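Numbering-wise (my numbering), the sequence shown opens with residue 775 and increments by one. Backbone N, C-alpha and C fix where the C-beta goes; we use that ideal spot for every residue, glycine too. Remember, it's a predicted structure, so these values are computed and weren't measured experimentally.
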Amino acid sequence: MKKELLSTAFLLITSIAFCFDWPQADVTKDSFNSYFGQNRGGILSTSIIFSEPEEVRAAEDGYIIAVLTENSDDSDFFPSTLGTAVILSHNDDLISVYGNLDAQTLTLKNENERSVDGGAIIASSGNSGFQENHGNLEFQIIDAKNKSAINPKVLMPRAEEEMPLSLTGIMIGSKNNDFYDINVYKTYNSGLYKVYFKRNPIAAPYKTSVSINGVIVDQLSYDMITQENNKLCIIGKKKYTDADIFPNNDLQLLGEVMFTPGRATLGLSISDTLGNVKQLNYNIIIK
């Protein structure tokens, strides 16, 4: 099942990559307040939130599915915290969502099947939704067929730079939810552990990996967030829920690893959509 999901995502993303455009102009590494896959109140964010209020445009040719109000009912991918929002359908069963809009500037009415040209003005960003920072555009891409959210960064034109990621504060988590600072503890009992790093406040990695003696044992990909049993998940060697990814407000999961007796080199890495990689290696003893 995991291979099928990954294959579907790869084929979908590679077939439509860069056919969308950003809904705001002049996107740079500083254009976002929150990345896709970031922690928002203990929940995996399926949105990208922009950092500046601007005019909002349709990312691609499409049709109006709905215009939501501030009081719309919650759903997994369309929470009421989006405020005033426009939802458009596109080819390949894709949906684009433009949330936290200024209702007074809306140019579209709630008319199903009405076509919208890519680049057409939708509204200005506003303060109709709930955000931890400022009232700016909250943007999503949803794959309706596979019930998954797609990281907009893999579909849009790439910025020349990404916000730098940091790989610090490494913690090892046991099955009993005890946490060990790897810079303090160099010896561990054999068993299954989760490896965490200090969460970046705005940026989120595109991929994370954990290796033992040079062999990758787990790799998480933030190209999409899937939905299963009403929970949002990131796919690694298994599906990790938001509670797995964010055990608290400070830490984020790198991956899971089985420690077996002996001396080992624990390798950790994170990368962004441009392929910039941060790596760390630790020599540990396993009893």
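Residues sharing a beta bridge with residue i, DSSP
{"i": "L1025", "result": "K972"}
{"i": "N1055", "result": "G1041"}
{"i": "Y1014", "result": "I1008"}
{"i": "T942", "result": "For T942, which the question treats as bridged, DSSP gives no partner whatsoever."}
{"i": "M998", "result": "I924"}
{"i": "F1020", "result": "None, per the DSSP bridge assignment."}
{"i": "N813", "result": "L818"}
{"i": "G1036", "result": "I1060"}
Terminal residues of the beta strand (DSSP E) in which residue i lies
{"i": "I956", "result": "It is not in any beta strand (DSSP E) - I956 carries neither H nor E in the DSSP assignment."}
{"i": "F806", "result": "F806 to S808"}
{"i": "F824", "result": "I822 to F824"}
{"i": "R831", "result": "E829 to R831"}
{"i": "G836", "result": "G836 to L842"}
{"i": "A897", "result": "I895 to S898"}
DSSP-derived helix/strand/coil call for residue i
{"i": "D800", "result": "coil"}
{"i": "N874", "result": "coil"}
{"i": "D795", "result": "coil"}
{"i": "K981", "result": "strand"}
{"i": "D917", "result": "strand"}
{"i": "D867", "result": "helix"}
{"i": "T879", "result": "helix"}
{"i": "N907", "result": "In this predicted model, N907 has a pLDDT of only 48, less than 50, meaning its place in the structure is not dependable enough to derive any value."}
{"i": "L818", "result": "strand"}
{"i": "L856", "result": "helix"}
{"i": "S889", "result": "strand"}
{"i": "G988", "result": "coil"}
{"i": "E1030", "result": "strand"}
{"i": "D850", "result": "Because the pLDDT of D850 is 44, which lies under 50, any placement of that residue in the model is unreliable, and the question is left without a value."}
{"i": "E912", "result": "strand"}
{"i": "L966", "result": "strand"}
{"i": "L1048", "result": "coil"}
{"i": "L862", "result": "strand"}
Beta-carbon gap between residue i and residue j smaller than 7 Å
{"i": "M937", "j": "K1052", "result": "no"}
{"i": "T1034", "j": "S985", "result": "no"}
{"i": "F794", "j": "M998", "result": "no"}
{"i": "P975", "j": "L939", "result": "no"}
{"i": "L1006", "j": "D1016", "result": "yes"}
{"i": "P797", "j": "A840", "result": "no"}
{"i": "A1038", "j": "I1019", "result": "no"}
{"i": "L875", "j": "I838", "result": "no"}
{"i": "S819", "j": "Q812", "result": "yes"}
{"i": "I896", "j": "V801", "result": "no"}
{"i": "G1036", "j": "N1055", "result": "no"}
{"i": "I915", "j": "S870", "result": "yes"}
{"i": "S898", "j": "L911", "result": "no"}
{"i": "D917", "j": "D835", "result": "no"}
{"i": "T942", "j": "K972", "result": "yes"}
{"i": "L1028", "j": "T982", "result": "yes"}
{"i": "D867", "j": "K919", "result": "yes"}
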